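Engineer:
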Amino acid sequence: MDYKVLISEKIAEIVDLDANTIVDKIEIPPKSDMGDFAFPCFILSKVMKKAPNLIAIDLAEKINKDNLEKVEALGPYLNFFLDKSAFGKQVLEGVLQAGEEYGNSNIGKGGNVVIDFSSPNIAKPFHVGHLFSTAIGNALYRMYNSQGYNSVGINHLGDWGTQFGKLISAYKRWVDEEALEKDAIKELLRIYVKFHDEADIDPSLEDEGRAYFKKLEDGDEEAVALWKKFRESSLKEFQKVYDRLGVKFDSYNGEAFYNDKMDVVVQELKDKNLLTESNGAQVVNLDEYNMPPCIILKSDGATIYATRDLAAALYRKKKYNFVKSLYVVGGPQALHFKQVFKTLELAGHEWAKDCVHVSFGLVKFADRKLSTRKGEVIFLDDLLKESVNKTLEIINEKNPNLENKEEVAEKVGIGAMVFTYLKNSRDKDIVFDWNDMLSFDGETGPYVQYTYARAKSILRKFGTVEGDVNYSLLTSKEEFELIKTLDGLNDAILNGIERNEPSVVTRYVIDVAKAFNKVYNALPIGTAEEEVKKARLKLVEATSIVIKKALYLIGLETVEEM
Ligand code: ARG
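Going left to right, the sequence shown walks through residues 1 to 562 as this note's numbering numbers them.
1. Just how far apart, CA to CA, sit V81 and E72?
2. Kindly indicate the opening and closing residues of the alpha helix (DSSP H) around K533.
3. Let me know the secondary structure DSSP gives G158 once reduced to three states.
4. With 16 other CB atoms within 10 Å as the buried threshold, where does S204 fall?
5. Okay, do the stretch 298-310 and the stretch 88-95 touch, 3+ Cβ pairs below 8 Å being the bar?
6. Identify which residue in T475, I483, K124 has its Cα closest to the Cα of F238.
7. Should the stretch 64-78 be regarded as contacting the stretch 35-53, the criterion being three or more beta carbon pairs within less than 8 Å?
8. If contacts are defined as beta-carbon pairs under 8 Å, then L326 and L140 qualify, I think. What distance do you get, rounded to the angstrom?
9. Within 10 angstroms of the Cβ of K166, are there 16 or more other Cβ atoms? Answer buried if so, exposed if not.
10. Nearest by alpha-carbon distance to Y564: which of T420, L537, T444, R454 is it?
11. Apart from the five residues just before and just after A51, which ones in its own chain have a Cβ nearer than 7 Å to its Cβ?
12. Return the chain-ordered list of same chain residues with a C-beta closer than 8 Å to the C-beta of E187, the five sequence neighbours on each side being excluded.
13. Label S278 either buried or exposed according to how many other C-beta atoms from any shown protein chain fall within 10 Å of its C-beta, with 16 as the threshold for buried.
14. Go ahead and label T21 buried or exposed: buried means 16 or more other beta carbons lie within 10 angstroms of its beta carbon, across all protein chains shown.
15. I need the boundaries of the alpha helix (DSSP H) containing S133, first residue and last residue.
16. Tell me whether D116 counts as near the ligand ARG, meaning its Cβ is closer than 7 Å to at least one heavy atom of that ligand.
17. On the criterion of 16 or more Cβ atoms from any shown chain inside 10 Å, does I201 qualify as buried, or is it exposed?
18. From this set, V559, H196, V512, which residue's C-alpha is nearest E407's C-alpha?
19. Between which two residues does the beta strand (DSSP E) containing Y327 stretch?
20. Ignore the nearest five residues each way along the sequence and tell me which others in L473's own chain have a CB closer than 7 Å to its CB.
21. Taking 7 Å as the limit between beta carbons, can you name the residues of its chain near G496, skipping five residues before and five after?
22. Can you list, in chain order, the residues of its chain with a C-beta nearer than 6 Å to that of N285? Leave out the 5 residues immediately preceding and following it.
23. Going by DSSP, name the residue or residues bridged to E277.
24. Which same chain residues end up closer than 8 Å to G348 when comparing Cβ atoms and leaving out the 5 residues on each side of it in sequence?
25. Going by the C-beta, is N121 closer than 7 Å to any heavy atom of the ligand ARG?
26. Got a sec, what are the start and stop residues for the beta strand (DSSP E) N64 sits in?
27. Count the other CB atoms, across all protein chains shown, that sit within 10 Å of the CB of R373; report buried if there are 16 or more and exposed otherwise.
28. How long is the line joining the alpha carbons of K229 and D511, rounded to whole angstroms?
29. Are the Cβ atoms of M562 and V412 separated by less than 8 Å?
30. Could you tell me the boundaries of the beta strand (DSSP E) in which D83 lies?
31. Excluding the 5 residues preceding and the 5 following W160 in the sequence, name in chain order all residues of the same chain whose CB lies nearer than 6 Å to its CB.
32. Looking at V329 and the ligand ARG, is the gap between the Cβ and the nearest heavy atom below 7 Å?
33. Is the stretch 119-135 in contact with the stretch 515-530, if contact means three or more CB pairs nearer than 8 Å?
34. Name the DSSP bridge partner or partners of F195?
35. Alpha carbons only, please: which of Y305, K477, R173 is nearest the one belonging to K84?
36. So, is A60 buried or exposed, given that buried needs 16 or more other C-beta atoms within 10 angstroms?
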């Protein structure tokens with residue numbers, strides 16, 4: 001039973017509005033002593049030709065009060081107080097029955113949601129921005145799936161471009177095969193940087209690079225084989241990160257995949273009279289929309305990033321017939337996506353409206369200055385290592401006898417990073433600060449994971465309870481608050497999906513952990529009277545299920561002990 005729906009139906013019985021309209025208007029009062037739900041009566045004042053506060057008084061009297069403790073008029077609001085014990089029973093039984101399915105729904109009914117995320121560049125380091133995209137994309141992937149959509153994860157690898165000609169040239173001159181075998185990206189980056197240093201001295205290298213790229217484009221066997229080698233060895237490195245994060249993709253079709261799919265795009269834009277010439281280039285003029293033109297063909301006839309994204313959008317629509325197509329890419333590419341989506345719209349594709357740029361902010365570090373000078377990058381591997389090592393240090397201090405310390409440190413250390421990415425609205429810049437991220441009692445991944453482990457240790461100590469309990473014993477303020485919070489998972493997911501904002505679920509799980517710890521600190525379990533103890537154990541069990549599920553949705557694993 002959904003209480004919002006129940007209340008809406010009760011209101012619908014006595015006013016001239018249908019329950020569906022009402023349900024969207026139901027609010028959660030700012031303070032719990034004002035009730036659990038509220039309905040703003042000014043919505044009705046026009047039709048009823050009456051002041052909202054008078055309407056509230058009238059409705060408070062007439063409304064059917066089954067399942068409710070009381071209904072009060074407060075100014076223009078009608079405030080509903082739930083019958084705590086009926087509510088507690090309904091919510092907790094719902095959680096316990098649903099188990100890991102809790103929070104799911106089928107509103108998506110199999111609609112495909114394409115999510116372009118992570119999308120690092122071959123032969124270049126996977127950087128902190130790609131991890132941001134990966135964390136958001138993976139969370140959205142899971143959130144959409146939980147609501148009956150079918151998520152399609154696409155890793156749009158940056159695997160094409162003139163840099164591959166340079167890499168081939170650099171490879172033939174300087175590669176250290178052993179180093180390449182060991183750490184492909186570091187070695188590819190090394191020779192790529194060397195190429196640029198050497199080209200500063202001997203510009204003819206640039207011509208050599210161009211010539212190799214031409215060979216690659218023409219399908220020259222050796223060039224293609226090398227390109228494949230770069231791609232595969234880089235992907236192998238990326239895969240290690242994905243495995244640690246538990247991230248999966250349904251497709252690794254990157255930029256190169258669209259090489260033979262761009263003529264069609266150019267032809268279509270031509271046929272629709274959208275192409276104009278500008279300094280020798282073919283562009284789609286977007287003056288009218290206050291945007292610079294979208295370049296389709298450069299003056300030398302070469303296609304660019306936008307051409308590929310147009311081809312990719314058309315391909316994805318055809319292949320997946322998506323209801324939504326998301327691009328989880330940093331804020332600096334906002335204009336690019338605006339141009340691409342506008343061009344699709346001008347070409348008459350009404351589904352352009354279903355394409356969304358899910359952008360995010362910049363990543364900074366509290367304890368170091370990042371210079372983007374040549375070659376100076378933070379390797380993600382090093383960062384993950386640092387997080388895991390620091391977590392291990394904390395565990396050694398707090399719980400030196402823990403058995404599987406390494407495994408726990410891995411899950412908690414990596415989780416702490418993902419959590420940091422997903423904690424605030426994605427458009428905000430984030431600052432990595434180890435002390436903040438790894439603290440066991442801030443709003444952090446470790447804090448929530450620790451809370452989960454605490455719940456599990458209670459259940460290990462006292463055992464889970466089979467069969468019915470008396471839920472009316474869970475009516476203290478703390479318990480009721482926790483139950484109300486547990487009730488909110490589905491709302492949080494739906495809210496998050498609506499804005500493509502995983503932080504809604506992250507904030508939600510922080511709230512659950514806080515509400516649980518309040519109960520934990522205020523109310524004893526072991527020394528409680530037997531019936532109360534049983535009911536509380538059910539509450540603890542339900543909490544553990546909800547935390548685990550919410551953490552799963554944002555891409556974190558849980559540990560039983562830490
Ligand atoms: N490879 C690009 C980068 O690292 C991101 C690609 C995003 N996806 C897309 N369809 N353009 O910046």
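Backbone N, C-alpha and C fix where the C-beta goes; we use that ideal spot for every residue, glycine too.
All values reported here derive from a predicted model rather than from experimental measurement.
Structural biologist: So, to answer that:
1. Within the sequence shown, the letter at position 81 stands for residue 81. Within the sequence shown, the letter at position 72 stands for residue 72. The identity of residue 81 in the sequence shown is Phe, whereas the question assumes Val. Each residue's alpha carbon lies about 8 Å from the other.
2. Residue mapping note: residue 533 aligns to position 533 of the sequence shown, counting from 1. K533 -> alpha helix (DSSP H) spans 530-553.
3. By one-based count along the sequence shown, residue 158 stands at place 158. Strand.
4. Taking the first residue of the sequence shown as position 1, residue 204 is located at position 204. With fewer than 16 other Cβ atoms within 10 Å, it is exposed.
5. no
6. As a first step, residue 238 must be located in the sequence shown, where it is residue number 238. Nearest option by C-alpha distance: K124.
7. yes
8. What you label residue 326 is simply residue 326 of the sequence shown in a count that begins at 1. What you label residue 140 is simply residue 140 of the sequence shown in a count that begins at 1. That belief holds up - the Cβ atoms of L326 and L140 are roughly 7 Å apart, short of 8 Å.
9. The residue you call residue 166 lines up with position 166 of the sequence shown. It counts as buried.
10. Residue 564 lies beyond the residue range present for the chain, which begins at 1 and ends at 562; the question has no answer from this structure.
11. Numbered from 1 along the sequence shown, position 51 holds the residue referred to as residue 51. Here the set comprises S45.
12. Locating residue 187 in the sequence shown gives position 187, where the first residue counts as 1. Counting only Cβ-Cβ distances below 8 Å, and skipping sequence neighbours, we find V175, D176, A179, L180.
13. Translated into positions along the sequence shown, residue 278 becomes position 278. Result: exposed.
14. For the purposes of this step, residue 21 is taken as residue 21 along the sequence shown, with counting starting at 1. Classification of T21: exposed, given that the 10 Å Cβ count is below 16.
15. Here residue 133 corresponds to residue number 133 of the sequence shown, with the count starting at 1. Run containing S133: 128-146, per the alpha helix (DSSP H) assignment.
16. If you number the sequence shown from 1, residue 116 lands on position 116. Yes, since a heavy atom of the ligand ARG falls inside the 7 Å radius drawn around the Cβ of D116.
17. On the sequence shown, residue 201 is found 201 positions in, with the first residue counted as 1. Answer is exposed; the Cβ neighbour count stays below 16.
18. Counting from one through the sequence shown, the residue named residue 407 turns up at place 407. Just measuring C-alpha positions, the residue of V559, H196, V512 sitting nearest E407 is V559.
19. Position 327 of the sequence shown, counted from the first residue, corresponds to residue 327. In the DSSP assignment, Y327 falls within the beta strand (DSSP E) that extends over 324-328.
20. Here the question's residue 473 lines up with position 473 in the sequence shown. Here the set comprises E531, V532, A535.
21. For the purposes of this step, residue 496 is taken as residue 496 along the sequence shown, with counting starting at 1. Around G496: M143, P502, V504, V505.
22. Here residue 285 refers to the residue found at position 285 when the sequence shown is read from its first residue. Once the five neighbours on either side are set aside, the close Cβ partners of N285 are T276, P293.
23. Taking the first residue of the sequence shown as position 1, residue 277 is located at position 277. Note: E277 sits in a beta bridge opposite Q282.
24. Walking along the sequence shown from the start, residue 348 turns up at place 348. Spatial neighbours of G348 in its own chain (CB-CB distance under 8 Å, excluding positions within 5 residues in sequence) are listed in chain order as K272.
25. In the sequence shown, residue 121 corresponds to position 121, counting from 1. True, at least one ligand heavy atom lies under 7 Å from that Cβ.
26. Looking up residue 64 in the sequence shown gives position 64. N64 -> no beta strand (DSSP E), and no H or E assigned at all.
27. Sequence index remark: in the sequence shown, residue 373 carries index 373 (1-based). Only weak support exists for where R373 lies, its pLDDT of 47 falling under 50; the value from the coordinates is given anyway. Exposed: under 16 other Cβ atoms inside 10 Å.
28. Taking the first residue of the sequence shown as position 1, residue 229 is located at position 229. Taking the first residue of the sequence shown as position 1, residue 511 is located at position 511. Using only the alpha carbons, I get a separation of about 47 Å.
29. As a first step, residue 562 is located in the sequence shown; it is residue number 562 there, counting from the start. As a first step, residue 412 is located in the sequence shown; it is residue number 412 there, counting from the start. Contact flag set, yes.
30. Walking along the sequence shown from the start, residue 83 turns up at place 83. In the DSSP assignment, D83 falls outside any beta strand (DSSP E) and carries neither an H nor an E.
31. Translated into positions along the sequence shown, residue 160 becomes position 160. For W160, where only same-chain residues beyond five positions count, the Cβ hits under 6 Å are E255, A256.
32. As a position in the sequence shown, residue 329 is number 329, starting the count at 1. Between the ligand ARG and V329, a heavy atom-to-CB distance of less than 7 Å is present.
33. no
34. Here residue 195 refers to the residue found at position 195 of the sequence shown. DSSP lists no partner for F195.
35. Position 84 of the sequence shown, counting from 1, holds the residue named residue 84. Nearest C-alpha to K84: K477.
36. As a working mapping, residue 60 is identified with position 60 in the sequence shown. So A60 counts as buried.
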